[in-house]
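Here the sequence shown is numbered in our numbering, starting from 1 and rising by one per residue. Here the structure comes first, spelled out in structure tokens, and everything after it is commentary.
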Amino acid sequence: MCTSRRSFLKTSSALVAASVTAPRVLRGDPLPQPAIEPELSQFNYGDVELLEGPLRQQFDENHKFFMALDEDRLLKPFRQRAGLPAPGDEMGGWYSNSDDFNPHGNFNGFIPGHTFGQYLSGLARAYAVTGDKPTQAKVDRLVRAFAPTLSSKFYAGYHLPAYTYDKSCCGLIDAHEFAGCPTALRTLDAATDAVLPHLPEKALSRKEQYARPHANEADCWDETYTLPENFFLAWRRGAGQRYRDLAVRFLEDDFYFNPLAEGQNVLPGEHAYSHVNAFSSAMQAYLVLGSQKHLRAATNGFNFLRDTQSFATGGWGPDENFRKPGSGEIGQSLAKSHSSFETPCGAYGHFKITRYLLRVTRDSRYGDSMERVLYNTVLGSLPLKEDGSSFYYSDYNSAWGQKGYHRDKWPCCSGTLPQIAADYGISAYFRSRSGIYVNLYVPSRVKANLGGARVTLEQHTEYPHHMTTSIQVTADREARFALSLRIPAWTGPATRITVNGKRAAEDARPGTFARIERNWRSGDRIEVEFDRTMQLEAVDPEHPHLVAPVSGPLTLFTLAPAADKVRRDDLLKLAQVASGSTNWQVKTSSGSLSLRPFPSIHDEKYRLYLDTSI
Ligand SMILES: [Zn+2]
1 MCTSRRSFLK TSSALVAASV TAPRVLRGDP LPQPAIEPEL SQFNYGDVEL
51 LEGPLRQQFD ENHKFFMALD EDRLLKPFRQ RAGLPAPGDE MGGWYSNSDD
101 FNPHGNFNGF IPGHTFGQYL SGLARAYAVT GDKPTQAKVD RLVRAFAPTL
151 SSKFYAGYHL PAYTYDKSCC GLIDAHEFAG CPTALRTLDA ATDAVLPHLP
201 EKALSRKEQY ARPHANEADC WDETYTLPEN FFLAWRRGAG QRYRDLAVRF
251 LEDDFYFNPL AEGQNVLPGE HAYSHVNAFS SAMQAYLVLG SQKHLRAATN
301 GFNFLRDTQS FATGGWGPDE NFRKPGSGEI GQSLAKSHSS FETPCGAYGH
351 FKITRYLLRV TRDSRYGDSM ERVLYNTVLG SLPLKEDGSS FYYSDYNSAW
401 GQKGYHRDKW PCCSGTLPQI AADYGISAYF RSRSGIYVNL YVPSRVKANL
451 GGARVTLEQH TEYPHHMTTS IQVTADREAR FALSLRIPAW TGPATRITVN
501 GKRAAEDARP GTFARIERNW RSGDRIEVEF DRTMQLEAVD PEHPHLVAPV
551 SGPLTLFTLA PAADKVRRDD LLKLAQVASG STNWQVKTSS GSLSLRPFPS
601 IHDEKYRLYL DTSI
């Protein structure tokens, strides 16, 4: 970014005034070009199909759930605030208008309508994945019914205007991009006009918000620093120059991106999910503006997240807060908290930033991090219930953890779950200039034009319960392209890749993508056998005796009852009860332990970290 903060502040109010009448690029005009085209690009949603398996099941479940959700109920808080007839029942919880809200105990009426945009986004992406016409029609109806409710009256006395607008913006640009909704960008303009009078002049940290006069403590929790990602995307998708200007205006450089770019770990004390979500704004600033500073900020920020804030599951942020490295607070949180990782939201933010960084760097470690979060957190989320009950926190409490639903109905995590489930396919494969990168080992089919041929790759696997995957090539003619397979950093030396039954010459070096370039023909089959290693990971350096067993990408949770302490040597002998099983077992000097991965736990009590101080 070349605009200095001083000159920028001088012009920002003029920008706001000008932006209302700024012409929007109309559909059909050429789209504006970002400064950077990353090495890897994303597939279209419709190019990747998940085949039967747990990821497909979670996607289908969410798609069906949101297709069945009543539209009048979804629109009710907007219609009420606009003074329009508002038929249908209240959704309740965070979603509905209510005077009950109190930041210290009652979240009914917290941020009415906040997840509307995310449900819209989830449906638009689900349409792009499936091509299901009723889904497209529902997106279209929701956008048309949302439009007449839009005025700045909606945000009068509203606690988190930027937060809710950001989700609406995402829903509308996704309705435009993925469901071809013809009125979505026009509706976005109206939504933007409505929120602008309620936004501050720049992104504000929580500290800055607390320092300003406020009527209610919740007014200090807004997340203006997450706005730029969707503003940049709106510009890229043809919504007009004012969205690029707004994106630049809300980049949180002062207290976040500048110090992160300089290598300062400013995460401690910050709200976890929204600050990971903000990394994606830094990545869009890099891609659109070519700002190296923002790439450094996102890269350093992610490294701090992974290296100083994470649990063995890949989750992070106990009680939604980042902790000071060296304080031992992450280990201490195990005894104090049952709110260890904000799972659907956190996983959604984690997937986004790892996709961006993987595409830019082609560094396989981002894929490793993504799969760890996938198999140990979000894939084990409980499904949404019709009354708005939502899985929110993963619980790593050291007494016992248990899965459950959040106290408040329709929270943030009900919005991100359908979005991440729709994103599984586009997270599994990426396009390079010379072929395809295989990032996730999930049952799936991907279609691409490669080397002049129409190619389909079909992957069959029960990974990570069976440590093998098989990918079959179908092509309408022989074609030369490169297949790059992620070889996780945790793999041992016996990992092998075979093509048509013969050992490939290419090196399966841990922590890289193994690249196989050759002339491929229909019927060619690639098989990978991953050499799985077992590790015991300490919760933090201050608690080296509190460890979680991690086998390959899979964290194993010990079911109750279990001895309070176990020996490290014993624990390292733990093994699946049978090949491919989700049940694991180990005999220790203090008894037998049963363990399972997170998605295979239902309502049993479990423990993630075990005490090995004997
Ligand atoms: Zn959430």
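We put the CB at the ideal spot given by N, CA and C, even for glycine.
Is it the case that the Cβ atoms of Thr-662 and Glu-462 are separated by a distance below 9 Å?
-> The requested residue 662 is not part of the displayed model; the chain covers only 1 to 614.
Cutoff 8 Å; reference Ala-272; Cβ partners in own chain excluding five residues on either side | For this step, residue 272 is matched to residue 272 along the sequence shown. Answer for Ala-272: Gln-309, Trp-316, Gly-317, Glu-320, Asn-321, Phe-322, Glu-342, Gly-346, listed in chain order.
Assigned secondary structure, Ile-111 (DSSP; H/G/I helix, E/B strand, else coil) | Within the sequence shown, residue 111 is the residue found at index 111, counting from 1. Of the three classes helix, strand and coil, the one that applies to Ile-111 here is coil, per DSSP.
Is any heavy atom of ligand 1 found at a distance shorter than 8 Å from the C-beta of Pro-411?
-> Indexing the sequence shown from 1 puts residue 411 at position 411. True, at least one ligand heavy atom lies under 8 Å from that Cβ.
Pairing CB atoms from the segment 149-156 with CB atoms from the segment 227-234, are three or more of them under 8 Å?
-> no
If you measure from the CB of Pro-344, is any heavy atom of ligand 1 nearer than 8 Å?
-> In the sequence shown, counting from the first residue as 1, residue 344 sits at position 344. Pro-344 Cβ: within cutoff of ligand 1.
Contact test: Thr-226 Cβ vs ligand 1 heavy atom, cutoff 8 Å | The sequence position of residue 226 within the sequence shown is 226, counting from 1. Every heavy atom of ligand 1 is 8 Å or more from the Cβ of Thr-226, so no.
Residue burial classification, Lys-352 (beta-carbon count within 10 angstroms, cutoff 16) = What you label residue 352 is simply residue 352 of the sequence shown in a count that begins at 1. Per the 10 Å Cβ criterion, buried.
Residues bridged to Leu-559 by DSSP?
-> Numbered from 1 along the sequence shown, position 559 holds the residue referred to as residue 559. For Leu-559, which the question treats as bridged, DSSP gives the partners Tyr-606.
Burial state of Ile-173 (16 or more Cβ within 10 Å) | As a position in the sequence shown, residue 173 is number 173, starting the count at 1. Buried, since its Cβ has 16 or more Cβ neighbours within 10 Å.
Please report how far the alpha carbon of Thr-299 lies from the alpha carbon of Leu-357, in whole angstroms.
-> For the purposes of this step, residue 299 is taken as residue 299 along the sequence shown, with counting starting at 1. For the purposes of this step, residue 357 is taken as residue 357 along the sequence shown, with counting starting at 1. Going from the Cα of Thr-299 to the Cα of Leu-357 covers about 7 Å.
Entirely within the segment 445-469 and at least 3 residues each: give me those beta strand (DSSP E) ranges in chain order.
-> 453-461
Do you know how far the Cα of Arg-244 is from the Cα of Phe-257?
-> Start at 1 with the first residue of the sequence shown, and residue 257 comes out as number 257. Start at 1 with the first residue of the sequence shown, and residue 244 comes out as number 244. Pairing Phe-257 with Arg-244, the inter-Cα distance amounts to about 18 Å.
Of the listed residues Thr-533, Gln-118, Pro-32, Pro-383, nearest to Ala-575 (C-alpha basis) = For the purposes of this step, residue 575 is taken as the residue at position 575 of the sequence shown. Closest by C-alpha distance to Ala-575, out of Thr-533, Gln-118, Pro-32, Pro-383, is Thr-533.
Taking the C-alpha atoms as reference points, what is the distance between Asp-611 and His-543?
-> Translated into positions along the sequence shown, residue 611 becomes position 611. Translated into positions along the sequence shown, residue 543 becomes position 543. For Asp-611 and His-543, the distance between alpha carbons rounds to 9 Å.
Going by DSSP, what residues sit across from Met-534 in a beta bridge?
-> In the sequence shown, the residue the question calls residue 534 occupies position 534. The partner list for Met-534 (beta bridge, DSSP) reads Ser-551.
Could you have a look at Gln-118 and say whether DSSP puts it in helix, strand or coil?
-> Here residue 118 is taken as the residue at index 118 of the sequence shown, counted from 1. Three-state result, Gln-118: helix.
Fully enclosed by the segment 249-293, which alpha helix (DSSP H) runs are 4 residues long or longer?
-> 258-261, 272-289
Of the residues Ala-211, Ala-145, Arg-73, Leu-546, the one placed nearest Val-566, counting alpha carbons only = Numbered from its first residue, the sequence shown carries residue 566 at position 566. Of the listed residues, the one whose Cα sits closest to Val-566 is Leu-546.
When the Cα atoms are used, what is the spatial distance from Asn-62 to Ile-614?
-> Taking the sequence shown and counting its residues from 1, the one referred to as residue 62 is at position 62. Taking the sequence shown and counting its residues from 1, the one referred to as residue 614 is at position 614. Looking at the two C-alpha atoms, the distance is approximately 45 Å.
In the segment 293-336, which residue ranges form an unbroken beta strand (DSSP E) of at least 3 residues, counting only runs that do not cross its ends?
-> none
Contact between the segment 601-611 and the segment 401-413 (3+ Cβ pairs under 8 Å) = yes
Please go through the same chain and pick out, in chain order, the residues whose beta-carbon is closer than 7 Å to the beta-carbon of Lys-573, but skip the five residues on each side of it.
-> Taking the sequence shown and counting its residues from 1, one reaches residue 573 at position 573. Result list for Lys-573: Val-586, in chain order.
Given a cut-off of 9 Å, decide if Arg-306 and Ser-369 are closer than it, judged by their beta-carbon atoms.
-> The residue you call residue 369 lines up with position 369 of the sequence shown. The residue you call residue 306 lines up with position 306 of the sequence shown. Yes, they are a contact pair.
Going by Cα to Cα distance, which pick from Leu-483, Ser-98, Asp-603 is closest to Ala-514?
-> What you label residue 514 is simply residue 514 of the sequence shown in a count that begins at 1. Comparing Cα positions, the closest option is Leu-483.
Asp-564 vs Ser-522 beta-carbon contact at 9 Å = The count along the sequence shown starts at 1 and reaches residue 564 at position 564. The count along the sequence shown starts at 1 and reaches residue 522 at position 522. Cβ atoms of Asp-564 and Ser-522: not closer than 9 Å.
Please indicate yes or no: does the CB of Tyr-210 lie closer than 8 Å to some heavy atom of ligand 1?
-> Residue mapping note: residue 210 aligns to position 210 of the sequence shown, counting from 1. No, since every heavy atom of ligand 1 falls outside the 8 Å radius drawn around the Cβ of Tyr-210.
Please classify Trp-235: does DSSP put it in a helix, a strand, or coil?
-> In the sequence shown, counting from the first residue as 1, residue 235 sits at position 235. The answer is helix: DSSP assigns Trp-235 an H, G or I state.
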